[in-house]
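Letter by letter, the sequence shown follows residues -28 to -1, 1 to 90 of mature numbering (1 follows the signal peptide of the UniProt record, and there is no 0).
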Amino acid sequence: MKTIVTRVGLAFAALAATLAVTAPQASAEPAGRGACLTIANDSRNAIRIVMRTTPIGNQPGWAHDIPAHSVGTLVDGSGRYLLSPDGKWDITAPAGSWAFDPKFREGACKGVWNFTVK
């Protein structure tokens, strides 16, 4: 009986690890308040980004679909760049990598976090 419980526990842990890999939480530690967010979707499929951060002027849970093979800096419904209130971004997205560009100064952006999905 103990062996069966161990096997079930290991199978559940493996399943949980697999699910975490397919849709991990992504976060970035930035250089300052007001950083924007650019998403580069280099994959073959459209992806969905869900905000865990509450961007300035927006609500948490805001979602954006990014087409395959596209790059864009995220904007709100009025066309203004989304700004991080504390310079950090916390999103739910497919696995990806982060890079900060402090020289990006378009609109109100004080740098930009680039999140790339392969």
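Each residue gets a CB set at the ideal place from its N, CA and C atoms; glycine is no exception.
Taking 8 Å as the cut-off, decide whether the C-beta atoms of residue i and residue j are in contact.
i	j	result
S56	N13	no
Y53	A80	yes
Quick one: what's residue i bridged to in DSSP?
i	result
S69	T88
A12	V43 and T88
residue 92	Here the chain has residues from -28 to 90 only, and residue 92 is not among them.
Measure the alpha-carbon distance for residue i versus residue j and round it to whole angstroms.
i	j	result
G51	P66	25 Å
R24	A35	10 Å
I38	K75	24 Å
T45	T64	16 Å
G29	R16	32 Å
R20	C8	17 Å
K90	G6	26 Å
V84	I11	10 Å
E78	G68	24 Å
T26	A18	23 Å
N86	V22	15 Å
K82	A40	27 Å
T88	V47	17 Å
Count the other CB atoms, across all protein chains shown, that sit within 10 Å of the CB of residue i; report buried if there are 16 or more and exposed otherwise.
i	result
G49	exposed
G59	buried
G33	exposed
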